[in-house]
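Read through the structure below, which is laid out as structure tokens, and then see the notes.
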Amino acid sequence: MELTVGELIGNFILVTGSILVLYLLLKKFAWDAITNILDERANKIANDIDTAETARKEAEELAQKREIELSGAKQEAGQIITDAKELGQVKGDQIVAEASEEAKRLKLQAEADIQQSKSDALSSVKAEMSDLSVLLAEKIMGSKLDKEAQSKLIDTYLDELGEA
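So in full-length UniProt numbering, spot 92 of the sequence shown is number 92, and the numbers just go up one at a time.
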């Protein structure tokens, strides 16, 4: 089955005409719809890309803000720890100073109590010695001394004891 040149040209014209008619029909009825669909698709893809880029930038900004806040929180925690250490040191120093003052006060009180006890003991000894001295002097002299003479005698005797 051989085709002649005329049949080939006729088939060529028929196919070319059919394609042209199909093209014109597509252009008239479907081309705008197809281009609109493709344009909408291109716009949607562009919007999705823009939205994704915006979301990425927002995520980066949020991450930076969180990093800054975390850094601030770390600094604040460090400051709180430093302040607590300083306060602890100050309180410790204050407690030591108060304890030292209390110890000094107790020492002074003890010294005063000792001095008072010593004075009371000396007074008691003076009184007993006074009574003994009067008794002794009465026995030696055979007479009683009055209170004023007795006091002078005791004071003189005690002064001599204190200087010896």
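No residue lacks a Cβ here, since even glycine has one placed at the ideal position from N, Cα and C.
Taking 8 angstroms as the cut-off, the Cβ atoms of isoleucine 154 and serine 130 count as close. Approximately 30 angstroms separates the beta-carbon atoms of leucine 106 and lysine 126; this is outside 8 angstroms, ruling out the contact. For the region 47-126, not one full-length beta strand (DSSP E) segment reaches 3 residues or more. In the three-state scheme derived from DSSP, where H, G and I count as helix and E and B as strand, leucine 3 is classed as coil.
Isoleucine 45 and glutamate 2 have their C-alpha atoms some 53 angstroms from each other.
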